[in-house]
Amino acid sequence: MGLVLAELAPERSTQILQRARAFGESRLVCGVHTRSGIETGRTNASIMVAGLHGVAEFCADLEAARTEVDAARKTGPAPDPVACTAEAGDFSMYLPGD
């Protein structure tokens, strides 16, 4: 889901992919999955999304979604930067450190 959403909002792709990664990592923190299970799921998702780009129906749906997201972003409320910053802080413990 994170890979597709990142395509729909490329200017926010870093934040979207960080959030998706944090969600996946939370499965480890909560004891629901193993590290190898999470990494395998991430690899499988990448392969699947890459393969879907060769399917005309998926590409058409992706373009339709892009149109919907663009329209919603123009007419909907702007994100609250304070809330976004606070939320990002909640997930920072799950993000890999450099």
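The opening residue of the sequence shown carries number 624 in our numbering; numbering runs sequentially from there. Cβ atoms here follow ideal geometry from the backbone N, Cα and C, with glycine treated the same way.
Check: Cutoff 6 angstroms; reference G609; Cβ partners in own chain excluding five residues on either side; Outcome: It is not possible to answer for residue 609, since the shown part of the chain is limited to 624 through 721.
Check: Cβ neighbours of A688 in the same chain (closer than 7 angstroms, five flanking residues each side left out); Outcome: L631
Check: V576 - DSSP class collapsed to helix/strand/coil; Outcome: Since the first residue of the chain shown is 624 and the last is 721, residue 576 is not available in this structure.
Check: Exposed unless 16 or more other CB atoms sit within 10 angstroms - verdict on A694; Outcome: exposed
Check: Beta-carbon contacts of H656 that lie in its chain and below 7 angstroms, excluding the five residues immediately before and after; Outcome: R650
Check: Backbone secondary structure at A645 - three-state DSSP; Outcome: helix
Check: D684 - DSSP class collapsed to helix/strand/coil; Outcome: helix
Check: Burial state of E634 (16 or more Cβ within 10 Å); Outcome: exposed
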